[in-house]
Amino acid sequence: MQNKKYSHLDILFTETDKKKLSELKVLLVGAGGIGCEVLKNLVLLGIPFIDVIDLDTIDISNLNRQFLFQKPHVGKPKSIVARESVRRFNDDENIVITSYMQKIQEFNAEFFERFDIVINALDNADARSYVNKMCLFTGKPLIETGTAGHLGQTTCHFSGVQCFDCEPREAQKTFPVCTIRSTPSAPIHCIVWAKNFLFPKLFQKLEEENDNDENSEDKESRKNEEDGYKKLLNERNNKEFEKMILKKVYKDDIIKLASLEKLWKGKKKPQPISSFDAKQPSNDSQKVWSLEENVFVFLKSVKNLNERFLDGQELFFDKDDEDAMEFVTSASNLRSIVFEIQTKSLFQAKSMAGNIIPAIATSNAMVSSLAIISLIKLLKNEKSKLGTTFLSPHPLPKVPRLLTHCKTLSRPDQNCSFCSANRAITKVDTNETNLNSFINLIASSFEFEAEEATVMIDGRLLFDPDFDDNLEKSLNSLGIKDASIVVVSTENEEQHPIYISIVHSQADQPMIYNIVKAANLKKRKAESESDDSDREIDAKKIKSVEVIADQDFVLIE
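According to the UniProt record's numbering, the residues represented by the sequence shown are 1 to 557, in order.
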């Protein structure tokens, strides 16, 4: 690291630190808004070995905040373009950047073992959870990042602190079928109806639906409605097709729905649209359309989508598909008008239909910088200074002008399904090794009787004491392959499940390593209660209280 372009690092690092930096290997998962910023910062630090993984291609909607991409890059892989574009910030030939356009779940534990630090810049909870598991299997520190509008945070996961899966994630909001189909009361109900019901009904293959949530009167009305759709969809080649759809959905069907007296006891009945005059709207995506403008956009989008359907295109809702997004916006707004619900602009509907909180470039930049600060602390072996840092849109009440605050990292959750469980990595030839041999290997390593095992993968049962049909089958034939995670449990209620990360290898003998054995449940519970007791403080014995400013915690003596 004698290059003059890195002279600024002398302020931050000792010679020992700079030597570590010159050998550092970093895995960056995600090359989107945060990923672009992190990659740029890694390159400016002179990190010599950087691997970037991202499955996505560049969309035109990315260009306003993902600064490594320009218009000519649209449609190209993010990881590859990011690798090439970031060179303009540092053309040091000693920096080796490797890119992959694959699902993160295709990379096994052996791949993760190559790196010193892993940085997550993903917005997919399942993928983030997989990276978390791989880092726990391999003992690698993980830096997690995320933003939501003006909000953001970065945190670290490593042995001895909470993992990503310790904190329960909020489930995606769902709505009762009867509310969406018959009695909407909020804009989101109409948007979900347009996106998840009307769009597939018109432009995807029809399937029988489950109407268990509906009463008998409503079911009969629904059957008549379905028959009407089937008859109408046979008229796709009719020049008046889009007008026929408009009349059926917003006049005929609403008249029938309003006639269900029991459904509207104590509620205001929907009002069918009586006039379908059309008017072309402006190009302002933040302007809320009038009734006439919604009619115009609905007719246009149905016509365009129907032509694509007739051309053999397989249509799915995509927030970046102009026809699809205009259809959902106009269709939901017309339904909102029928039920006297507030209508939304194209911009607002896009945010709601795509479950999007608009990304902000400055938030991404700040969070990526916080991630690099965490990386520097890990490099310096200053884990005690690490915490979860939050980015707020407004200064904190007690600390004017401060937009970030930090809290200390928590201890692992005793009830976490993964980091509190047993785990190990197994190298095995999945084509040649059968399930019986695999179970015996795990049983001998974790000291239980093989006959007591229950083996599952992705929720599928492969073996238990009452189901031994698969014992002589190869692992690969059962879906156990490279990068799979297999869960083995026993009849012993005091023992945690065992998570096994599979590495396919053609070695003669299977090998199991990085074994982590969790304490049994009784011992763990006793230790937890003891720890809670130890943390009780007698106020009369406190000698001093010191505020640790950069860590947002107090030291009590």
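Beta carbons are placed, not taken as given, at the ideal position from N, Cα and C, and that holds for glycine.
Length of the line joining the Cα atoms of residue i and residue j
| i | j | result |
| --- | --- | --- |
| Ile143 | Gln102 | 21 Å |
| Asn215 | Gln153 | For Asn215, the pLDDT reaches just 49, beneath the cut-off of 50, and the residue's location in the model is therefore unreliable, leaving the point undetermined. |
| Arg88 | Ile60 | 22 Å |
| Thr57 | Met134 | 25 Å |
| Lys319 | Lys195 | 10 Å |
| Leu403 | His394 | 6 Å |
| His157 | Asp54 | 21 Å |
| Phe418 | Val455 | 16 Å |
| Glu261 | Cys178 | 15 Å |
| Asp482 | Ser445 | 20 Å |
| Asn514 | Leu68 | 38 Å |
| Leu391 | Asn415 | 28 Å |
| Lys525 | Asn108 | A caution first: Lys525 carries a pLDDT of 49, below 50, which makes its placement in the model too unreliable to give a value. |
| Asn237 | Ile273 | 25 Å |
| Ser332 | Cys190 | 5 Å |
| Arg411 | Phe296 | 57 Å |
| Lys243 | Lys344 | 23 Å |
| Asp532 | Ser489 | Caution is warranted here: a pLDDT of 44 is assigned to Asp532, below 50, making its placement in the model unreliable, and no coordinate value can be reported. |
Cβ neighbour criterion (16 or more within 10 Å) applied to residue i
| i | result |
| --- | --- |
| Thr362 | exposed |
| Ala125 | exposed |
| Asn355 | exposed |
| Val96 | exposed |
| Glu15 | exposed |
| Leu305 | buried |
| Glu447 | exposed |
| Pro397 | exposed |
| Thr98 | exposed |
| Pro168 | exposed |
| Glu451 | exposed |
| Lys231 | exposed |
| Asp323 | buried |
| residue 569 | Nothing can be reported for residue 569, as the shown portion of the chain is limited to 1 through 557. |
| Ser374 | buried |
| Leu12 | exposed |
Bounding residues of the beta strand (DSSP E) (the contiguous stretch that carries residue i)
| i | result |
| --- | --- |
| Tyr513 | Met511 to Val516 |
| Asp51 | Phe49 to Ile53 |
| His405 | Thr404 to Thr408 |
For residue i, the nearest candidate out of the options (CA to CA)
| i | options | result |
| --- | --- | --- |
| Lys383 | Ile11, Pro77 and Thr408 | Thr408 |
| Asp413 | Glu494, Cys163, Glu37 and Leu136 | Cys163 |
| Asp284 | Ile245, Gln348, Val249 and Leu260 | Gln348 |
| Gln271 | Val249, Asp91, Ser290 and Lys4 | Val249 |
| Glu84 | Ile117, Phe115, Val43 and Gln105 | Val43 |
| Thr138 | Ala424, Phe446 and Ser477 | Ala424 |
| Glu110 | Ile502, Val516 and Ala148 | Ile502 |
| Ser477 | Cys416, Phe67 and Asp429 | Asp429 |
| residue 566 | Asn294, Cys190 and Val302 | Since the first residue of the chain shown is 1 and the last is 557, residue 566 is not available in this structure. |
| Pro184 | Asn62, Leu334, Lys279 and Phe49 | Leu334 |
| Asp508 | Leu379, Pro187, Thr433 and Ile485 | Thr433 |
| Ile485 | Leu136, Glu93, Ser99 and Asn90 | Leu136 |
| Lys380 | Asp321, Leu24, Ser474 and Gln204 | Leu24 |
| Arg181 | Ser437, Phe339 and Ile439 | Phe339 |
| Val192 | Glu491, Asp10, Pro497 and Lys350 | Lys350 |
| Asp321 | Leu310, Ala353 and Leu291 | Ala353 |
| Lys140 | His8, Ser159, Asp123 and Thr155 | Ser159 |
| Ile119 | Pro77, Ile50, Lys71 and Gln70 | Ile50 |
| Ser505 | Glu491, Leu475 and Gln495 | Leu475 |
Residues that DSSP places opposite residue i in a beta bridge
| i | result |
| --- | --- |
| Gly152 | Thr147 and Leu391 |
| Ile500 | Ala424 and Val486 |
| Tyr100 | Ile53 |
| Asn120 | Val29 and Glu144 |
| Ser445 | Per DSSP, none; premise fails for Ser445. |
| Met456 | Leu461 and Val487 |
| Asn434 | Ser474 |
| Pro77 | Thr57 |
| Phe115 | According to DSSP, Phe115 bridges with nothing at all. |
| Phe467 | Asp464 |
| His8 | DSSP output for His8 lists no bridge partner at all. |
| His157 | Leu142 |
Start and end residues, alpha helix (DSSP H) containing residue i
| i | result |
| --- | --- |
| Asp17 | Glu15 to Glu23 |
| Tyr130 | Ala125 to Thr138 |
| Ala331 | Glu322 to Val338 |
| Asp310 | Contrary to the premise, residue 310 reads as Leu rather than Asp in this sequence. Note, Leu310: alpha helix (DSSP H), Leu291 to Leu310. |
| Ile376 | Ala361 to Leu379 |
| Leu202 | Phe199 to Phe203 |
| Ser351 | Leu346 to Ala353 |
| Pro187 | Pro187 to Trp193 |
| Asp253 | Asp253 to Ala258 |
Proximity test, Cβ basis, 7 Å: residue i and chain D
| i | result |
| --- | --- |
| Lys231 | As a matter of chain content, chain D is missing from the structure shown, which is built from one protein chain. |
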